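Written below as structure tokens is the structure these notes are about.
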Amino acid sequence: MRPTLKNVWDLVRESVVGFVDDNALSHGAAMAFYAATSLAPVLIIVVAIAGIAFGHDAAQLALSAQISGLMGAESAAL
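Heads up, the sequence shown is in the numbering used here, so the first residue is 10 and it goes up one at a time.
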């Protein structure tokens with residue numbers, strides 16, 4: 010069966026209605042917030058474990074280098 014413009018329009022309309030009915034924007038915002046707020050504790054744990062294994066200064070320097078490579082030197086300075 011060839012897709013017609015009506016079939017495509019119905020699919021798009023049903024997708025948008027389902028997206029809105031499921032509060033997908035609110036759920037996406039909540040997931041982004043939880044991901045952002047969980048980064049700091051995870052970084053503290055990673056630095057602590059790496060500090061035990063490699064030494065605190067070496068672990069902090071390596072983490073700073075990785076962050077500056079990903080997000081820039083200004084972000085790593087924070």
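Glycine residues also receive a C-beta, built at the ideal position from the N, C-alpha and C atoms.
Nothing here was measured: the structure is a model prediction, and the numbers come from that model.
Compare the C-alpha of residue 68 against each of 55, 80 and 79 and name the closest.
Answer by Cα proximity: 55.
To the nearest angstrom, report how far apart residue 76 and residue 82 are at their CA atoms.
In a straight line, the C-alpha of residue 76 is about 8 Å away from that of residue 82.
When you compare only the Cα positions, how much space is there between residue 15 and residue 39?
Roughly 35 Å between the two C-alpha positions.
Quick check: what's the CA-CA separation for residue 58 versus residue 64?
Approximately 9 Å between the Cα atoms of the pair.
Beta-carbon within less than 6 Å of residue 52's beta-carbon, same chain only, minus the 5 sequence neighbours each way: which residues are those?
No residues qualify anywhere along the chain.
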